[in-house]
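Peer 1: Here it is: the structure, laid out below.
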Amino acid sequence: MNKKGILLIIVTILILSGCTNTENKKLVYTGFVEAEEINIPSEIGGVIKRVLVKEGQNIEKGTTIAEIDTTSLEIQLKQLKAQLKSAKAQLEELKEGTRSEEIDLARTNLENAKVVLDGAKKNYEYRLERLEKIEKMYKENGASEQQVKDAKALVDEAYTKMKSAEKNYYSAKSRLDLLLKGPRGQKIKAAEGKVEGIIAQIELLEYQISKGKIKSPINGTVENINFNKGELIPKGGNIASVIDLDNLWVKVYIPEKYLHRVSLGDELNLYSNHLKDEEIKGKIIYISNEAEFTPKNVESKENKEEMVFEVKVEINDKKRVLKPGMLVDVRLDGGK
């Protein structure tokens with residue numbers, strides 16, 4: 001073999017060797033740790049009674065961040081409970097004058113009749129559906145003529161029971177209406193409405209008082225406290241913001257020529273100066289479908305004209321070592 005032939009073989013081997021090394025080398029990309037910042041609003045307005053956390057403090061889901069003074073709401077609640085007691089007494093007095101035992105019995109009978117009627121209607125609807133299915137099966141030779149007849153008989157029986165239940169229901173309703181149309185019937189209805197209205201107001205106030213304690217909906221770190229003790233916070237005002245440390249990620253930008261080396265769900269190794277020799281696992285949860293120029297914050301003279309794809313890597317940091325803003329290296333080990 002002449003020298004030119006030998007030289008050609010050597011060059012070819014070097015080229016192939018270079019391609020293999022490029023394909024299998026470890027690629028490292030750097031990005032900033034990111035996390036979702038959640039604003040925590042107050043569902044009621046009022047004066048801040050006290051703030052129970054500090055900025056930078058790690059908190060658990062359900063931790064009380066601040067308390068709002070609910071004294072005025074509690075006074076209103078006491079007044080309403082007194083009104084409810086009085087309204088119930090007036091209602092009982094009216095019922096006693098209109099044969100209360102009969103009215104209560106009539107109400108119970110009506111409620112029972114309603115339960116029976118609802119059950120009869122559901123049974124009738126079920127029997128109709130069964131008949132339709134069996135008739136369809138019969139057309140497809142999947143059921144016998146006798147099965148169709150039996151299904152129709154069950155429909156007729158269910159219909160009869162439903163009509164009987166309707167009759168009983170309207171009879172019970174008429175009985176109750178007749179009793180309530182007595183001399184004090186309208187007054188009883190008005191008194192019942194008053195009691196129900198007061199109960200609704202009490203439930204609303206109790207709910208508002210419970211919201212006087214503003215709690216964190218997530219585990220995380222308090223980023224900002226926006227109100228201090230003694231300040232007035234409006235309804236919907238954000239008392240604080242909390243960073244969700246259970247949901248960290250890092251975005252890196254992979255050149256188009258290496259995009260084939262990543263796929264959704266791939267597990268990767270992450271490194272940081274803050275971890276020393278320890279590695280943290282990550283998983284690819286997003287790959288952009290569109291290429292873009294290298295972002296300003298990660299570009300260099302060599303790659304600023306390079307087309308890249310954004311890749312989002314979920315960070316599995318159970319020890320909470322990493323914090324938003326820290327730099328981490330994402331390593332791609334070898335090719336596919």
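Using full-length UniProt numbering, read the sequence shown as starting at 1 and increasing by one per residue.
C-beta: ideal position from N, C-alpha, C; glycine also.
1) Taking the continuous beta strand (DSSP E) assigned at Y262, which residues delimit it?
2) Rounded to whole angstroms, what is the Cα-Cα separation between K149 and A200?
3) Between the C-alpha atoms of G325 and I214, what's the straight-line distance to the nearest angstrom?
4) What's the C-alpha gap between V313 and I254?
5) Judging by CA-CA distance, which residue of I65, N109, I48 is the nearest neighbour of T71?
6) Please tell me whether I198 and L94 are closer than 8 Å, where the distance is taken between their beta carbons.
7) Determine the contact status of Y124 and Y159, defining contact as a CB-CB distance below 8 Å.
8) In chain order, what are the residue ranges of uninterrupted beta strand (DSSP E) at least 3 long that sit wholly in the region 175-246?
9) Under 8 Å Cβ to Cβ from A87, same chain only, skipping five residues before and after it: list those, please.
10) Check R50 in the structure and name its three-state DSSP category.
11) Three-state secondary structure (DSSP) at K251?
12) Hey, out of I40, E206, K187, L52, whose CA is closest to N79's CA?
13) Going by the CB atoms, is the gap between A106 and N168 shorter than 8 Å?
14) Considering only their Cβ atoms, is the gap separating I285 from D317 smaller than 8 Å?
15) Return helix, strand or coil for G119, following the three-state DSSP convention.
16) Using DSSP bridges, identify the partner residues of P41.
17) Give me the Cα-Cα distance between K229 and I68, rounded to the nearest whole angstrom.
18) So what's E165 in DSSP terms, helix, strand or just coil?
19) Helix, strand or coil for R331 per DSSP?
20) Check for me: the alpha helix (DSSP H) holding A82 runs from which residue to which?
21) Is DSSP giving T294 helix, strand or coil here?
22) Taking 7 Å as the limit between beta carbons, can you name the residues of its chain near W249, skipping five residues before and five after?
23) With DSSP as the reference, label V321 as helix, strand or coil.
24) In or out: Y126 buried (at least 16 other Cβ within 10 Å) or exposed?
25) Leaving out five residues on either side along the sequence, give the residues of the same chain with a beta carbon under 7 Å from the beta carbon of V222.
Peer 2: So, to answer that:
1) One point to set straight first is that residue 262 is Val, not Tyr, in the sequence displayed. Taken as a continuous stretch (DSSP letters only), V262 belongs to no beta strand (DSSP E), as it is neither H nor E.
2) Going from the Cα of K149 to the Cα of A200 covers about 53 Å.
3) Their backbone Cα atoms lie some 28 Å apart in a straight line.
4) Taking C-alpha positions only, V313 is separated from I254 by approximately 12 Å.
5) Comparing Cα positions, the closest option is I48.
6) Their beta carbons are not under 8 Å apart, which means I198 does not touch L94 by this criterion.
7) Their beta carbons are under 8 Å apart, which means Y124 touches Y159 by this criterion.
8) Here the runs fully enclosed are 213-215, 220-225.
9) Closer than 8 Å at the Cβ level, and outside the excluded window around A87, lie A191, K194, V195, I198.
10) Correct three-state label for R50: strand.
11) Looking at K251 - three-state DSSP - the assignment turns out to be strand.
12) Reading off the sequence, residue 79 comes out as Gln, not Asn. The shortest Cα separation from Q79 among I40, E206, K187, L52 belongs to E206.
13) Not in contact: N168 and A106 (Cβ atoms no closer than 8 Å).
14) With contacts defined as CB atoms closer than 8 Å, D317 and I285 fail to qualify as a contacting pair.
15) Helix at G119.
16) P41 pairs with N238.
17) Taking the straight line from one Cα to the other gives about 9 Å.
18) One detail in the question is off: residue 165 reads as Ala in this sequence, not Glu. Helix at A165.
19) Here R331 sits in strand by DSSP.
20) Note, A82: alpha helix (DSSP H), 71-96.
21) Annotated three-state conformation of T294 is coil, per DSSP.
22) Within the same chain, W249 has close Cβ partners E34, K312, V313, E314, I315.
23) Assigned with DSSP and collapsed to three states, V321 falls in coil, not helix or strand.
24) So Y126 ends up on the exposed side.
25) So the qualifying residues of the chain are V53, K54, E55, G56, Q57, I59, A240, V242.
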